[in-house]
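Engineer:
Numbering (our numbering), first residue to last: 11 to 427.
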């Protein structure tokens, strides 16, 4: 009888200890650093219960015959880490947006996300006014964190297909991926005790394929990438972006206007930017297997980090470049969208679109990154592809034709301004 009474008393004491331990751990939750991965994969120390403090003395339990209490106490101890992981970077950002909004003091990742969403709305609005048809708007979420807004116009009056998409991606970079990125970012480092880093990526991508073969296809992409410390502050960061023009029929004045507008945006920040990024664009948008550029270029840059300029200045540069799109392209499309054309000219446009598809699926790093990212939205990644394209076996343009002149320029890029 005494033994049974002692057992009940001990069980009560153990339950009280477990409740105290649980309360202490919950109070500690809000001071716990950012979660870097799933349970036990985190590089940060997990909040675990020490045997000497919280785990029942198994010898004493066995002596009084309370193995059930021992099992209960053990489960309370080892299951707490699952519940007490700190908030993810995505959860932190969601809370910031909900409680304080995105101000000038907010993390750069949130400011960039806000900016590109505003630009998406403005671009879609202007394109709808021009075309007369409406974009389909799809908002989607990623289970891993983030999501996006994909706006697509198909079979419009001016555009055969157009896509303007924003994506926001949260994830975790394993140590091997960080090591690869260090090739372009020497400031990236990873503590040997940390197995992974949280990352954030956001960008605005757009491709427009007009119906009229006299009107050029246009592409732009502006993006921001960041890895984070456990407390959510930036670990390493960089910007990338650019815009380029791909005509089927070349009007020199269109190429000059497009490049001149981009050059003005670049010159406001650094006189060396335009020639440097124009050359980079010609080299990047190059179909190696065809021996020709995809189009007449524009600008392209990537990996602009603190070794280039500080983050605020680089953000301002990316903003000005993105804002230059409408004045760079809208006068061109308004001038070309209603020009007369023949069936043969439409056929040439389809052949050139085939070359566009080849580049996107074979050489483009953004497409490859998207398709290889777990949980990515394939429809949004492939929205850049035209609605129609064709491949003719061993096709060559007529010598001294307008088609041949375009190919000559694509094989030997020009300086337009």
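The beta-carbon is built from N, C-alpha and C at its ideal position, and this holds for glycine as well.
Between which two residues does the beta strand (DSSP E) holding residue 311 run?
Structural biologist: On the chain shown, position 301 is the one that residue 311 refers to. 307-314 is the extent of the beta strand (DSSP E) around residue 311.
Engineer: Using the beta-carbon count (16 or more within 10 Å), is residue 247 buried or exposed?
Structural biologist: What you label residue 247 is simply residue 237 of the chain shown in a count that begins at 1. Buried: at least 16 other Cβ atoms inside 10 Å.
Engineer: Going by DSSP, what residue range makes up the beta strand (DSSP E) through residue 180?
Structural biologist: Translated into the one-based positions of the chain shown, residue 180 becomes position 170. Residues 169-184.
Engineer: Between the stretch 215-223 and the stretch 105-114, are three or more C-beta pairs nearer than 8 Å?
Structural biologist: no
Engineer: Can you give me the Cβ contacts of residue 249 inside the same chain, cut-off strictly under 6 Å, excluding the 5 residues immediately before and after it?
Structural biologist: For the purposes of this step, residue 249 is taken as the residue at position 239 of the chain shown. Same-chain partners within the cutoff: 234, 314, 324, 328.
Engineer: Is it the case that the stretch 375-394 contacts the stretch 144-157, given that we only count it when at least three CB pairs across the two stretches are under 8 Å?
Structural biologist: Contact holds: three or more Cβ-Cβ distances are below 8 Å.
Engineer: Starting from residue 370, follow the alpha helix (DSSP H) in both directions and report where the run begins and ends.
Structural biologist: In the chain shown, residue 370 corresponds to position 360, counting from 1. First-last of the alpha helix (DSSP H) with residue 370: 353-372.
Engineer: Which residue wins for smallest C-alpha separation from residue 413, given the options 266, 258, 210?
Structural biologist: Here residue 413 refers to the residue found at position 403 when the chain shown is read from its first residue. Nearest of 266, 258, 210 to residue 413, Cα basis: 258.
Engineer: Name the two residues that bound the continuous beta strand (DSSP E) containing residue 126.
Structural biologist: For the purposes of this step, residue 126 is identified with residue 116 of the chain shown, where counting begins at 1. Unbroken run through residue 126 is the alpha helix (DSSP H), 118-141; no beta strand (DSSP E).
Engineer: Enumerate in chain order the residues of its own chain whose CB-to-CB distance from residue 277 is below 8 Å, with the five nearest sequence positions on each side excluded.
Structural biologist: Translated into positions along the chain shown, residue 277 becomes position 267. Excluding residues within five positions, the ones whose Cβ falls inside 8 Å are 283, 284.
Engineer: Is the beta carbon of residue 184 sitting closer than 9 Å to the one on residue 153?
Structural biologist: Taking the chain shown and counting its residues from 1, one reaches residue 184 at position 174. Taking the chain shown and counting its residues from 1, one reaches residue 153 at position 143. No, they are not a contact pair.
Engineer: If residue 256 and residue 122 are in contact, beta carbons under 8 Å, what's the gap, nearest whole angstrom?
Structural biologist: The count along the chain shown starts at 1 and reaches residue 256 at position 246. The count along the chain shown starts at 1 and reaches residue 122 at position 112. That pair is no contact at about 26 Å.
Engineer: For residue 417, which residues in the same chain have their Cβ closer than 8 Å to its Cβ, ignoring the five residues on either side in sequence?
Structural biologist: Along the chain shown, one-based indexing puts residue 417 at 407. Result list for residue 417: 302, 407, in chain order.
Engineer: Residue 410: beta carbon under 8 Å from a heavy atom of the ligand NAP?
Structural biologist: Of ligands this structure carries none, so the ligand NAP is not represented either.
Engineer: Whole angstroms is fine: what's the gap from residue 280's alpha carbon to residue 424's?
Structural biologist: Within the chain shown, the letter at position 270 stands for residue 280. Within the chain shown, the letter at position 414 stands for residue 424. Those two C-alpha atoms are separated by around 22 Å.
Engineer: Just to check my reading of the structure: residue 346 and residue 225 have Cβ atoms closer than 8 Å, yes? What is that Cβ distance to the nearest angstrom?
Structural biologist: Along the chain shown, read from residue 1 onward, the residue named residue 346 stands at position 336. Along the chain shown, read from residue 1 onward, the residue named residue 225 stands at position 215. The Cβ separation is near 4 Å, so the contact holds.
Engineer: Based on the DSSP secondary-structure assignment, which residues constitute the bridge partners of residue 248?
Structural biologist: Start at 1 with the first residue of the chain shown, and residue 248 comes out as number 238. Paired residues: 235.
Engineer: Could you check if residue 354 is buried or exposed, using at least 16 other CB atoms within 10 Å of its CB as the buried criterion?
Structural biologist: Residue 354 sits at position 344 when you count from the first residue of the chain shown. Classification of residue 354: exposed, given that the 10 Å Cβ count is below 16.
Engineer: Is it right to say residue 96 is buried, meaning 16 or more other beta carbons lie within 10 angstroms of its own, or is it exposed?
Structural biologist: Stepping through the chain shown from its first residue, residue 96 is reached at position 86. So residue 96 ends up on the buried side.
Engineer: Can you grab the Cα-Cα spacing for the pair residue 305 / residue 254, in whole Å?
Structural biologist: By 1-based counting over the chain shown, the position of residue 305 is 295. By 1-based counting over the chain shown, the position of residue 254 is 244. Near 7 Å, if we compare the C-alpha coordinates of residue 254 and residue 305.
Engineer: Within this structure, are the beta carbons of residue 252 and residue 310 separated by less than 9 Å?
Structural biologist: Walking along the chain shown from the start, residue 252 turns up at place 242. Walking along the chain shown from the start, residue 310 turns up at place 300. Cβ atoms of residue 252 and residue 310: closer than 9 Å.
Engineer: What did DSSP end up calling residue 410 once you bin it into helix, strand or coil?
Structural biologist: By 1-based counting over the chain shown, the position of residue 410 is 400. In the three-state reduction of the DSSP assignment, residue 410 falls in the coil class.
Engineer: Would you tell me roughly how many angstroms separate the C-alpha atoms of residue 100 and residue 356, rounded to the nearest one?
Structural biologist: For the purposes of this step, residue 100 is taken as the residue at position 90 of the chain shown. For the purposes of this step, residue 356 is taken as the residue at position 346 of the chain shown. In a straight line, the C-alpha of residue 100 is about 47 Å away from that of residue 356.
Engineer: Assess, as a yes-or-no matter, whether the stretch 238-246 is touched by the stretch 286-300 under the definition of 3 or more beta carbon pairs within less than 8 Å.
Structural biologist: no
Engineer: By the DSSP assignment, the alpha helix (DSSP H) with residue 376 in it spans what residues?
Structural biologist: Numbered from 1 along the chain shown, position 366 holds the residue referred to as residue 376. Unbroken alpha helix (DSSP H) run through residue 376: 375-381.
Engineer: Could you check if residue 349 is buried or exposed, using at least 16 other CB atoms within 10 Å of its CB as the buried criterion?
Structural biologist: By one-based count along the chain shown, residue 349 stands at place 339. Exposed: under 16 other Cβ atoms inside 10 Å.
Engineer: Start and end of the alpha helix (DSSP H) containing residue 429?
Structural biologist: There is no way to answer for residue 429, as the model of the chain reaches only from 11 to 427.
Engineer: Would you mind reading off the limits of the beta strand (DSSP E) that contains residue 148?
Structural biologist: Numbered from 1 along the chain shown, position 138 holds the residue referred to as residue 148. First-last of the beta strand (DSSP E) with residue 148: 146-151.
Engineer: Measure the alpha-carbon distance for residue 333 versus residue 351 and round it to whole angstroms.
Structural biologist: The residue given as residue 333 occupies position 323 in the chain shown. The residue given as residue 351 occupies position 341 in the chain shown. Whole-angstrom Cα-Cα distance: 32 Å.
Engineer: My assumption, with CB atoms under 8 Å, is that residue 118 sits in contact with residue 415. Please give the rounded CB distance.
Structural biologist: If you number the chain shown from 1, residue 118 lands on position 108. If you number the chain shown from 1, residue 415 lands on position 405. With a Cβ gap of about 44 Å, residue 118 and residue 415 do not count as contacting.
Engineer: Go ahead and pull the three-state DSSP assignment for residue 101.
Structural biologist: The residue labelled residue 101 in the question sits at position 91 within the chain shown. Correct three-state label for residue 101: helix.
Engineer: Grab the span of the alpha helix (DSSP H) containing residue 388 for me, first residue to last.
Structural biologist: Here residue 388 corresponds to residue number 378 of the chain shown, with the count starting at 1. Bounds of the alpha helix (DSSP H) holding residue 388 are 388-391.
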